[in-house]
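Worksheet: the structure to be examined is printed underneath.
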Amino acid sequence: MVESIGAGVGIWQEPLGAAFFLAWTADLTLYGTYYEWWAPEGRPRPTELETAAWMWVLGGLLGSDFAIRWAISEVLALSLAAGLDLDLRAPLVVGAAAGSDDAANGSAYFYGAARFLLPRNEVRLEWQAATNLAVSAAFRIYYPLFHAWDGEGRPFADQLMLAGLVGVTIPLGAARL
């Protein structure tokens, strides 16, 4: 499990009907993970801090999506979204037993074969808690589409990411659901 923190900006278009909206959003989620260089497979893999040869990798998911949003009631809305994220990762700290090439090899792997491109889908439920405050819960799935061309022969579920999100929305304009 990886802890993360993020921020997002959304633009909700004018309603297409009384209960239907189109939306565009952009967001950035920062996370940190320990990796080790796994020589038998020639790639980094997530590990624990207790591993002697580790590198701490700062990651940023920079994404954008388009969503369809339905008002379920006066205070509830459901959104379905599809988009694309850039998974930008940088090894920042290398453990004492890790080789200096581990960070360079890790970076080469993270950006080789376009492994930084992650299509995503999202389901979001939003509750209008007050006039200018909404609380949301969402589920995202990030697809490792790069397995189609990276030549590793790894199963599709390898590097598939699932995320649960909890958010607060404070509108800059008139509040509406």
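Under this note's numbering, the residues of the sequence shown are numbered 190 to 366, in order. Yeah, the Cβ is synthetic: ideal placement off N, Cα and C, and Gly gets one too.
Under the Cβ criterion (8 Å, minimum of three pairs), the stretch 251-266 counts as touching the stretch 214-227.
Inside the stretch 320-362, DSSP marks whole beta strand (DSSP E) runs of 3 or more residues at positions 322-331, 350-358, from first to last along the chain.
Per DSSP, reduced to three states, the secondary structure at S262 is coil, with no helix or strand assignment. C-alpha of L275 to C-alpha of V355: approximately 21 Å in a straight line. Note on geometry: alpha-carbon atoms of G340 and F210 lie some 41 Å from one another. One thing to note: A256 has its Cβ no nearer than 8 Å to the Cβ of A319.
With 16 or more neighbouring CB atoms inside 10 Å of its own CB, Y298 falls in the buried class. V312 is positioned such that its CB atom lies closer than 8 Å to that of L269.
Across the structure, R329 and P229 are spaced so that their CA atoms are roughly 31 Å apart. Remark: C-beta atoms of W245 and L281 approach each other more closely than 8 Å. Sequence-distant Cβ neighbours of Y331 in its own chain, meaning closer than 6 Å and more than five residues away, are L307, R309, M350. In this structure, F345 sits away from R304, with a CB-CB distance that is not shorter than 8 Å. For G301, the three-state secondary structure derived from DSSP is helix. Around the beta carbon of D290, fewer than 16 other beta carbons sit within 10 angstroms, so the residue counts as exposed.
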